[in-house]
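Participant: Take a look at the following structure, please.
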Amino acid sequence: MPELPEVETTCRGIAPFLIGHIIQNIKVHEPRLRWPINTRVIQKQLKNQRVLAVSRRAKYIIVSFSTGNLVIHLGMSGTLAIVNKHTLPRKHDHFECFLNSGKILRFNDPRRFGAVLFEQTDPLPQLAHLGIEPLDKSFTVDSLYEQTQKHRSNIKTFLMNQRIIVGIGNIYANECLFLAKIHPQTLSYHLSLTQCKQLHRAIQQVLKKAIKSGGTTLKDFYQYDGKPGYFSQALTVYDREDQPCYRCQSPVKLIQLGQRATYFCSQCQLF
DNA sequence: ACATTGACCTGGGAGC
DNA sequence: TGCTCCCAGGTCAATG
Numbered sequence: 012m013p014e015l016p017e018v019e020t021t022c023r024g025i026a027p028f029l030i031g032h033i034i035q036n037i038k039v040h041e042p043r044l045r046w047p048i049n050t051r052v053i054q055k056q057l058k059n060q061r062v063l064a065v066s067r068r069a070k071y072i073i074v075s076f077s078t079g080n081l082v083i084h085l086g087m088s089g090t091l092a093i094v095n096k097h098t099l100p101r102k103h104d105h106f107e108c109f110l111n112s113g114k115i116l117r118f119n120d121p122r123r124f125g126a127v128l129f130e131q132t133d134p135l136p137q138l139a140h141l142g143i144e145p146l147d148k149s150f151t152v153d154s155l156y157e158q159t160q161k162h163r164s165n166i167k168t169f170l171m172n173q174r175i176i177v178g179i180g181n182i183y184a185n186e187c188l189f190l191a192k193i194h195p196q197t198l199s200y201h202l203s204l205t206q207c208k209q210l211h212r213a214i215q216q217v218l219k220k221a222i223k224s225g226g227t228t229l230k231d232f233y234q235y236d237g238k239p240g241y242f243s244q245a246l247t248v249y250d251r252e253d254q255p256c257y258r259c260q261s262p263v264k265l266i267q268l269g270q271r272a273t274y275f276c277s278q279c280q281l282f
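Residue numbers for the first sequence follow our numbering, so the first one is 12 and each next one is one higher.
Written out as structure tokens, the structure is:
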């Protein structure tokens with residue numbers, strides 16, 4: 012579930028509890044995530060190490076140590092939480108880091124699509140093929156337009172392709188296209204420069220606003236302190252099939268694109 | 001080199 | 001109440 016705003020929210024939330032603190036112990040309750048957790052390696056590399064930095068790249072969270080990096084992906088249903096040491100583990104708590112402050116960093120993930128890896132190589136192999144950060148200065152209208160001309164898929168699938176732009180998943184792809192008034196089935200190379208301008212603006216606006224709201228909680232996502240994200244209340248088309256469009260009142264449509272639910276207004280969003 | 005499809009998992013809701 | 005079916009925010013390997 013977690014897209015860029017949720018990962019960013021999580022990252023900002025846990026960072027103050029981690030940076031400068033020492034990992035005293037690690038427990039792996041369930042190593043069978045997307046890639047199996049190598050418990051022995053993680054124990055050896057993290058134990059008694061100080062956290063130097065916490066950062067985000069695409070939908071990955073990177074916790075840096077002098078020995079290497081812990082790379083965490085939340086998959087579809089993963090959350091990270093900071094809890095006190097007496098808080099009992101819940102079902103699907105797969106991984107825990109015990110800090111010298113008495114706090115625990117816990118990774119919970121019912122569907123186990125997430126990942127926890129330790130990497131010593133730089134650059135990190137998981138991140139090698141990732142595209143541009145949409146909130147970065149380098150993400151410009153021109154760079155977006157150039158990319159749209161290079162690809163053959165519809166613009167919604169394009170937006171979700173992590174090799175092109177990172178961090179946008181199904182919810183925010185729908186939301187961005189609604190705000191930009193672009194039909195999701197538009198072929199990316201048919202977009203005009205003007206449409207790219209609108210889309211560029213929409214992407215930054217939607218993501219920034221979602222981060223401010225603490226992300227979107229539909230079902231599984233919670234912030235590091237257990238609070239939900241409040242952007243759900245600001246969703247304009249996602250999960251609103253047959254409900255009136257906030258701009259023109261015509262019913263929001265639902266179609267499948269690239270096997271994903273795609274919501275849009277057929278009156279407002281044009282080719 | 002692209003774009004598209006199925007597979008990986010569990011849980012919750014709808015329908016019977 | 002309980003069963004089955006379908007759906008879910010992501011990614012990657014295997015196809016075309």
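Note that beta-carbon positions come from the ideal geometry of N, C-alpha and C, so glycine has one too.
Tell me, which residues are paired with residue 267 by DSSP?
Facilitator: Residue 267 is bridged to 272.
Participant: Report the rounded CA-to-CA distance for residue 148 versus residue 49, giving the unit in angstroms.
Facilitator: Residue 148 and residue 49: Cα-Cα distance of roughly 37 angstroms.
Participant: Can at least three beta-carbon pairs, one atom from the region 155 to 169 and one from the region 205 to 221, be found at a separation below 8 angstroms?
Facilitator: Yes, the region 155 to 169 touches the region 205 to 221.
Participant: Comparing alpha-carbon positions, which option in 211, 172, 178 and 84 lies nearest residue 189?
Facilitator: When only C-alpha atoms are compared, the closest one is 211.
Participant: Report all residues from its chain with a CB closer than 6 angstroms to the CB of residue 36; omit the five preceding and five following residues, and keep chain order.
Facilitator: 109.
Participant: Given this structure, state the Cα-to-Cα distance separating residue 264 from residue 84, to the nearest angstrom.
Facilitator: Looking at the two C-alpha atoms, the distance is approximately 31 angstroms.
Participant: Just the Cα atoms here: how many angstroms apart are residue 280 and residue 274?
Facilitator: Cα to Cα, residue 280 sits roughly 11 angstroms from residue 274.
Participant: Give me the Cα-Cα distance between residue 180 and residue 278, rounded to the nearest whole angstrom.
Facilitator: If you take the alpha carbons of residue 180 and residue 278, they lie about 24 angstroms apart.
Participant: Look at the alpha carbon of residue 55 and the alpha carbon of residue 78, and state the distance between them as a whole number of angstroms.
Facilitator: For residue 55 and residue 78, the distance between alpha carbons rounds to 10 angstroms.
Participant: Below 7 angstroms CB to CB, which residues in the same chain sit around residue 240 once its five sequence neighbours on both sides are set aside?
Facilitator: 17, 20, 224, 225, 226, 227, 228, 232 and 234, listed in sequence order.
Participant: Take the Cβ of residue 90 as the centre, count every other Cβ of all protein chains shown within 10 Å, and call the residue buried at 16 or more, exposed below.
Facilitator: Result: buried.
Participant: Let me confirm a value: residue 132 is counted as buried when at least 16 other C-beta atoms fall within 10 Å, else exposed. Which label applies?
Facilitator: It is exposed - the Cβ of residue 132 has fewer than 16 other Cβ atoms within 10 Å.
Participant: Rounded to the nearest angstrom, how far is the Cβ of residue 82 from that of residue 26, given a contact under 8 angstroms?
Facilitator: The pair is not a contact, with the Cβ atoms about 15 angstroms apart (cut-off 8 angstroms).
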